[in-house]
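Numbering (the numbering used here), first residue to last: 47 to 286.
Where a beta carbon is used, it is the ideal one built from N, C-alpha and C, also for glycine.
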């Protein structure tokens, strides 16, 4: 996508790590960023779009973040097994929380086990392996049980905290939050990319009538007022 954008005549691609937003008189004027050679640079723009993901270090300037970690995903790769429905993703409504299975190659199936709470069984001392074998494995489809237990025994167990955060923007002139930097739903919904691409279309339509971003001092305030356009799709994935 970056390469495609870089081919446009009005796009200049710069690579670096943004360290801070440039603020002045209650307005965002641009960003300060560091390139691979360690040099600091500043870039100024009439509109700064912050979309630096779930670990955003910039969102505190533009919203009131209330990040919750309701659970973690425990990941395994199952080998040489058949899904109940070939080439489809599967959600098992297990107790106490769902289990996901989906193919990642012709011989491998990714499994994500949702483990609720903020304190999880330890992988290091074997508690997690025991939990997976005694609590999760018995609830797996029969076709997958043997491969699941085999994957646990191999010990290649990965964990990742799941994060959620409702949107609570602080409307700031000439700046806009998008993506996981703005709000996060539980990844179990699987709607992240759909929501992200939909957000881009909505933003495009809002910006399209403007001939000059410099001539719109209340630009981002107007966009924030239309954030109701974002909400319905987020809600569909959050509750479905």
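Item                                                                                                 : Value
Within 8 Å, strictly: CB atoms of residue 198 and residue 175                                        : yes
Short Cβ contact (8 Å threshold) for residue 96 with residue 221                                     : yes
Buried or exposed (CB count within 10 angstroms, at least 16 for buried), residue 102                : buried
Rounded C-alpha distance that separates residue 204 from residue 112                                 : 26 Å
Residue 54 (DSSP reduced to helix, strand or coil)                                                   : coil
Among 54, 155, 159, the one whose alpha carbon lies nearest that of residue 182                      : 159
Whether residue 186 touches residue 194 by CB criterion (8 Å)                                        : yes
Contact with chain D by residue 113, beta-carbon distance below 8 Å                                  : The question asks about chain D, but that chain is absent: this structure has only one protein chain.
contact_flag[the region 68–87, the region 209–224] where n(CB pairs < 8 Å) is 3 or more              : yes
Alpha-carbon spacing of residue 240 relative to residue 246, whole angstroms                         : 10 Å
Environment of residue 230 [buried if 16+ CB atoms lie within 10 Å]                                  : buried
Residue from 157, 142, 143 whose Cα sits closest to the Cα of residue 149                            : 157
Identity of the residues DSSP links to residue 79 by a beta bridge                                   : 64, 87
Cβ-based neighbour list, residue 209, same chain, cut-off 6 Å, excluding 5 preceding and 5 following : 100, 113, 115, 230
Terminal residues of the alpha helix (DSSP H) in which residue 181 lies                              : Here residue 181 belongs to no alpha helix (DSSP H), and DSSP marks it neither H nor E.
Cβ pair residue 105, residue 223 closer than 8 Å                                                     : yes
Buried/exposed call for residue 257, threshold 16 Cβ in 10 Å                                         : exposed
Coil, strand or helix - residue 59 by DSSP                                                           : coil
Buried versus exposed, by CB contacts within 10 Å (16 or more), residue 214                          : exposed
Buried/exposed call for residue 117, threshold 16 Cβ in 10 Å                                         : buried
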